[in-house]
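Chemist: Just passing along the structure, written as structure tokens.
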Amino acid sequence: MTAEPMTPVQAGRPARSAVPVLEARDVSKFFGRVVALEDVSLSVRAGEVNCLLGDNGAGKSTLIKILSGVHRPDAGTLLIDGQPVVLQSPRDALSRGIATVYQDLAVLPLMSVSRNFFMGSEPTLGFGPFKRIDLGRADRVAREQMAEIGIELRDTSQLVGTLSGGERQTLAIARAEYFGAKVLILDEPTSALGVKEAAIVLRHVIRARSKGLGVIFITHNVQHALPVGDTFTILSHGRLGGIFRRGQLSADQLLRHMGGGEELQELSQELEALAAEERASGDVSPTQVMQDEELAREVAALAVRQTDEPPST
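Read in order, the letters of the sequence shown are residues 185 to 497 in this note's numbering.
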């Protein structure tokens, strides 16, 4: 089967006819003189996974915070179901169906599974001063929802800290689905997980897509993005590096777009200069100098491939 040629999808022009459930159009964000984001566009449709890729410092976190209502963009527009909106706060975003699962803040380890599942939205019994949490219903619903996604709990009162990393992320995803999210933003959900645990999370990303949610999957791991992504949006130094559909780029090409040829060239030059200083000083062993020179050559070769290699066919 022949792959499609490497042609970026035009930002803001959907490849499908459906209106994006969430769209950021030409957004910019400045912190003083620091340009965190500049003219970045991203969209996700119902039943689609858009993988947001980029190295540390690429601007992923800033874009997440704009989409989830933490920051307001200094320029550009946010749209929900095609209508411009101004998100006042994370609670405002959540009320509009945008649920964000942060890497480190998804759950509270010292609270039970059922309390984590309903955190802030607990079912209650009684009225006025006699109102109390309906623990029976909370336990029942949490157990049912976790079983639906393949995690059997013997006791929903067990602390979330006793769950594996993959199960914790899955709990947060199930919670967002239960409370009616139509867009699920996942912040590096597999970064601290082993292969088996990452597979659990990826399985539930696919499940969320099959249920009609729009999923924005933020990661710097291309190998985790490729199995689930329909669209790949690349950020580099706060700017849009490209938007590609599944099948347009290989894993290596995605990595090179994330890294950037200019950055690799600069790194190669720094390594060459370091090796020259080490050789001139005589304080470093010849073996170490040779290793540094070899590393500089490898980085330089990668930079050349970044610039010259044609798309796969």
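Here a beta-carbon is modelled for each residue, glycine too, at the ideal position from N, C-alpha and C.
With 16 as the cutoff for other CB atoms within 10 Å, does L433 come out buried or exposed?
Modeler: Taking the sequence shown and counting its residues from 1, the one referred to as residue 433 is at position 249. Flag for L433 reads buried.
Chemist: Count the other C-beta atoms from every protein chain shown that fall within 10 angstroms of the C-beta of S420, then say buried if there are 16 or more, exposed otherwise.
Modeler: In the sequence shown, residue 420 corresponds to position 236, counting from 1. So S420 ends up on the buried side.
Chemist: Would you call the region 237-255 and the region 321-340 in contact, with 3 or more CB pairs under 8 Å?
Modeler: As far as the Cβ criterion goes, the region 237-255 does not touch the region 321-340, which means the pair count is below three.
Chemist: In this structure, what does DSSP give as the bridge partners for T261?
Modeler: Taking the sequence shown and counting its residues from 1, one reaches residue 261 at position 77. In DSSP, T261 forms a bridge with R209.
Chemist: Whole angstroms is fine: what's the gap from P307's alpha carbon to S375's?
Modeler: Stepping through the sequence shown from its first residue, residue 307 is reached at position 123. Stepping through the sequence shown from its first residue, residue 375 is reached at position 191. For P307 and S375, the distance between alpha carbons rounds to 33 Å.
Chemist: Does the beta-carbon distance from D239 to D223 come in below 7 Å?
Modeler: Taking the first residue of the sequence shown as position 1, residue 239 is located at position 55. Taking the first residue of the sequence shown as position 1, residue 223 is located at position 39. Their beta carbons are not under 7 Å apart, which means D239 does not touch D223 by this criterion.
Chemist: Where does Q429 sit, in a helix, a strand or coil, going by DSSP?
Modeler: On the sequence shown, residue 429 is found 245 positions in, with the first residue counted as 1. The question names Gln, yet the displayed sequence has Arg at residue 429. In the structure shown, R429 sits in a strand (DSSP, three-state: E or B).
Chemist: By a C-beta neighbour count over all protein chains shown, 10 Å radius and 16 as the cutoff for buried, is L294 buried or exposed?
Modeler: Numbered from its first residue, the sequence shown carries residue 294 at position 110. Exposed, since its Cβ has fewer than 16 Cβ neighbours within 10 Å.
Chemist: Run through the region 271-355 for me and flag every whole beta strand (DSSP E) of 3 or more residues, listed as ranges in chain order.
Modeler: The region 271-355 contains these whole beta strand (DSSP E) runs: 282-285.
Chemist: Quick one: measure Cβ to Cβ for G422 and L221, integer angstroms, because I've assumed they're closer than 8 Å.
Modeler: Within the sequence shown, the letter at position 238 stands for residue 422. Within the sequence shown, the letter at position 37 stands for residue 221. Indeed they touch by this definition, with Cβ atoms about 5 Å apart.
Chemist: Terminal residues of the continuous beta strand (DSSP E) containing A220?
Modeler: Here residue 220 corresponds to residue number 36 of the sequence shown, with the count starting at 1. V218 to V228 is the span of the beta strand (DSSP E), which, as asked, contains A220.
Chemist: Got a sec? Which residues, its chain only, sit under 6 Å from G396 by beta carbon, not counting five neighbours each side?
Modeler: Position 212 of the sequence shown holds residue 396. Counting only Cβ-Cβ distances below 6 Å, and skipping sequence neighbours, we find A230 and G231.
Chemist: Considering Cα atoms alone, identify which of P274, M330, A464 and G425 is closest to A242.
Modeler: By one-based count along the sequence shown, residue 242 stands at place 58. The shortest Cα separation from A242 among P274, M330, A464 and G425 belongs to G425.
Chemist: Expressed to the nearest angstrom, what Euclidean distance is found between the alpha-carbon atoms of F214 and L368?
Modeler: Within the sequence shown, the letter at position 30 stands for residue 214. Within the sequence shown, the letter at position 184 stands for residue 368. Distance between the alpha carbons of F214 and L368 is about 25 Å.
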